[in-house]
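Shown next, in structure tokens, is the structure this report addresses.
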Amino acid sequence: MPELPEVEASRLEVDPYFTRYRIDNVEVRRPDLRDRFPTRFRERLLGQTVETFARRAKYLLATLTSDETLVMHFGMSGSFTVSPAGGALEIDKHDHVVFHMSSGVIIAFNDPRRFGLMTLLTPRQLRTHPVLSRLGPEPLSDDFDAPTLARACRGRKAPLKAVLLDQRVVAGLGNIYAAEALHVAGLSPMRAASALATADGEPKEAAFRLVAAVKAVLLRAISFQVTDRDRSTRFRVYDRESLRCLRRGCRGTIARRTQAGRSTFYCPACQR
DNA sequence: ATTGAGACCTGTCGGC
DNA sequence: TGCCGACAGGTCTCAA
10 MPELPEVEAS RLEVDPYFTR YRIDNVEVRR PDLRDRFPTR FRERLLGQTV ETFARRAKYL
70 LATLTSDETL VMHFGMSGSF TVSPAGGALE IDKHDHVVFH MSSGVIIAFN DPRRFGLMTL
130 LTPRQLRTHP VLSRLGPEPL SDDFDAPTLA RACRGRKAPL KAVLLDQRVV AGLGNIYAAE
190 ALHVAGLSPM RAASALATAD GEPKEAAFRL VAAVKAVLLR AISFQVTDRD RSTRFRVYDR
250 ESLRCLRRGC RGTIARRTQA GRSTFYCPAC QR
């Protein structure tokens with residue numbers, strides 16, 4: 010479930026049960042996701058109240074009364090399940106951390122593949138974190154605009170798809186929405202990123218189109234996550250190999266190829 | 001400094 | 001039904 014829209018949907022769903030409640034108990038059933046949990050992880054959480062529950066890129070950040078921040082990442086297969094107070098509790102074998110909140114609600118972090126991450130950072134560790142402190146702009150914020158993207162793309166020979174996946178350029182896109190945004194923008198995933206900028210790093214028209222496409226695709230995906238359940242209209246190119254291109258007036262067929270070890274879906278007819 | 005390949009771990013799906 | 005390979009929405013490390 011986990012690119013920016015899915016993480017944001019998860020945050021919205023869990024926030025009412027997390028924020029302003031105290032963590033009365035934590036079951037650490039497996040302290041080894043992508044990294045081993047920090048020392049005294051459980052002890053540092055016990056009795057803490059969650060003050061805010063925010064998202065940065067694909068990370069979820071719960072700030073605690075102690076000023077420490079609980080950082081969570083879903084990896085490829087992470088998710089939360091919320092069990093109402095007093096309800097029967099079923100523990101899945103991939104529920105690695107289970108939070109018992111002061112309301113009686115139980116929130117479980119589930120992650121079969123264990124590419125996810127959970128850690129607890131002091132304010133200083135949060136500020137200087139080697140990954141978090143280097144994340145690029147939030148794609149839905151005004152900080153992500155064509156000039157910013159063009160500067161990041163200047164002189165880069167890497168294909169556009171790879172640059173959209175680089176979390177230091179823009180933070181939160183993954184394999185699906187990078188492909189979707191490139192289709193909306195009518196840009197080939199194989200195109201060199203440098204094509205978005207002039208020699209001095211000024212944005213070309215394609216940079217404006219791509220920025221707008223990224224925002225549109227993510228906004229649509231978030232609203233889709235929150236409301237829609239119809240899976241048929243979910244993606245324009247992702248997982249649609251050999252199917253007709255959905256762009257109005259385009260008669261192309263969606264192709265698939267491997268880029269940097271991952272599947273890229275695109276329309277060779279309308280993405281240039 | 002950039003870039004691509006491989007690794008991490010488990011589950012699912014299609015083909016034989 | 002059972003086995004096997006291919007593949008999966010992310011990131012990190014390493015070598016070129």
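Here the first sequence is numbered in our numbering, starting from 10 and rising by one per residue.
Every residue, glycine too, gets a C-beta built ideally from N, C-alpha and C.
Since residue i sits in a beta bridge, which residues does DSSP pair it with?
i, result
"residue 45", "41"
"residue 36", "107"
"residue 275", "264"
"residue 65", "68"
"residue 253", "262"
Would you mind stating whether residue i and residue j have Cβ atoms separated by less than 8 Å?
i, j, result
"residue 313", "residue 215", "No answer is possible for residue 313: it lies beyond the span of the chain, which begins at 10 and ends at 281."
"residue 165", "residue 208", "no"
"residue 31", "residue 56", "yes"
"residue 58", "residue 73", "yes"
"residue 184", "residue 257", "no"
"residue 273", "residue 266", "yes"
"residue 87", "residue 113", "no"
"residue 223", "residue 190", "yes"
"residue 171", "residue 278", "no"
"residue 13", "residue 228", "no"
"residue 158", "residue 212", "yes"
"residue 284", "residue 245", "The chain is shown only over 10 to 281; residue 284 falls outside these bounds and no answer can be derived."
"residue 84", "residue 139", "no"
"residue 44", "residue 137", "no"
"residue 206", "residue 162", "yes"
"residue 6", "residue 66", "An answer regarding residue 6 cannot be provided, because it is not within the stretch 10 to 281 covered by the chain."
"residue 186", "residue 230", "yes"
Taking the beta strand (DSSP E) that residue i belongs to, which residues open and close that run?
i, result
"residue 7", "Given that the chain is displayed from residue 10 to residue 281, the structure contains no residue 7 and the question cannot be resolved."
"residue 109", "104-110"
"residue 57", "That residue, residue 57, is in no beta strand (DSSP E); it is neither H nor E in DSSP."
"residue 92", "88-92"
"residue 30", "Careful: residue 30 lies outside any beta strand (DSSP E) and carries neither H nor E."
"residue 80", "78-82"
"residue 72", "68-73"
How is the alpha helix (DSSP H) around residue i delimited, first residue to last?
i, result
"residue 229", "214-235"
"residue 19", "13-27"
"residue 191", "184-194"
When the Cβ atoms of the segment 174-184 are set against those of the segment 113-129, are three or more pairs found closer than 8 Å?
The segment 174-184, when compared against the segment 113-129, does not touch it at the 8 Å Cβ threshold.
Does the structure place the segment 217-227 close enough to the segment 40-51 that three or more beta carbon pairs sit under 8 Å? No, they do not touch.
Fill in: alpha helix (DSSP H) segments (min. 4 residues) lying fully within the segment 111-170
Annotation: the segment 111-170 contains the following complete segments of the alpha helix (DSSP H) (minimum length 4 residues), in chain order: 132-136 and 155-162.
| Is the segment 140-148 touching the segment 97-108, taking contact as three or more C-beta pairs under 8 Å? | Cβ pair count under 8 Å is below three, so no.
- Message: Would you call the segment 150-167 in contact with the segment 184-200, where contact means no fewer than 3 C-beta pairs closer than 8 Å?
- Response: Contact annotation: the segment 150-167 does not touch the segment 184-200, with fewer than three C-beta pairs closer than 8 Å.
Cβ pair count under 8 Å reaching 3, the segment 93-100 against the segment 17-24: Touching, no.
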